[in-house]
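Each residue of the sequence shown is one higher than the one before, counting from 916 in the numbering used here.
This report refers to the structure that appears directly beneath it.
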Amino acid sequence: MADIHVEEFYKDVAIALVQLYGAFPRRVNLFVEDIAGPDEPDEFGLHSKRHMACFGALLWLEEEGLLRYVDTIRQEALDQAVLSHAAFVRLSAPAPVELNRRLNQDQAHAGDHLPPSVQEDLSTHIHLIRKALKTGHSGRISQVVQATFFADDKH
916 MADIHVEEFY
926 KDVAIALVQL
936 YGAFPRRVNL
946 FVEDIAGPDE
956 PDEFGLHSKR
966 HMACFGALLW
976 LEEEGLLRYV
986 DTIRQEALDQ
996 AVLSHAAFVR
1006 LSAPAPVELN
1016 RRLNQDQAHA
1026 GDHLPPSVQE
1036 DLSTHIHLIR
1046 KALKTGHSGR
1056 ISQVVQATFF
1066 ADDKH
């Protein structure tokens, strides 16, 4: 089992990517509270570790070339964020067949009767990320995000 902060990182990344993909190509403000949940700064105005970890994950996505933004809004949001070309292409690409099979074991052959174009849409990385988020299972979310961005770049 991964450390909790790593699992939260994967979940934060997944939520941010889904939000940005859903708005693409529009630029949107990406709010930490929409990703990590509400946060009340302490008496000194400092955010919680959880809030700052999420904010750090968003900054990391930019540093790794997965998104762009114009500015930060304090430590609350990224102003005018948009997916990078590389992130958009990767999220839109079909995931490896073995990953699709592993994540869809409970629905084996359910998609066999769908038109090929629908089957193709359901096999993309972004669809698998959305599906993993719906389950709420941190291991599945971690697995899908890792497969999307941190696996070898053979496709």
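Backbone N, C-alpha and C fix where the C-beta goes; we use that ideal spot for every residue, glycine too.
Since the structure is predicted, the reported quantities are computational estimates derived from the model, not experimental observations.
Cβ separation of residue i and residue j, assumed to be a contact under 8 Å, to the nearest whole Å
{"i": "residue 1047", "j": "residue 1055", "result": "5 Å"}
{"i": "residue 962", "j": "residue 956", "result": "5 Å"}
Pick from the options that is closest to residue i, judged by C-alpha positions
{"i": "residue 941", "options": "994, 1011 and 972", "result": "994"}
{"i": "residue 1004", "options": "963, 961, 935 and 965", "result": "935"}
{"i": "residue 925", "options": "969, 946 and 939", "result": "969"}
{"i": "residue 1001", "options": "932, 1015 and 920", "result": "932"}
{"i": "residue 986", "options": "943, 1012, 948 and 1040", "result": "943"}
{"i": "residue 923", "options": "1051, 1065 and 1064", "result": "1051"}
Contact check, residue i vs residue j, beta carbons under 8 Å
{"i": "residue 1007", "j": "residue 980", "result": "no"}
{"i": "residue 1044", "j": "residue 972", "result": "no"}
{"i": "residue 982", "j": "residue 996", "result": "yes"}
{"i": "residue 1009", "j": "residue 1038", "result": "yes"}
Cβ-based burial, residue i [other Cβ within 10 Å; buried from 16]
{"i": "residue 989", "result": "exposed"}
{"i": "residue 1059", "result": "buried"}
{"i": "residue 947", "result": "buried"}
{"i": "residue 919", "result": "exposed"}
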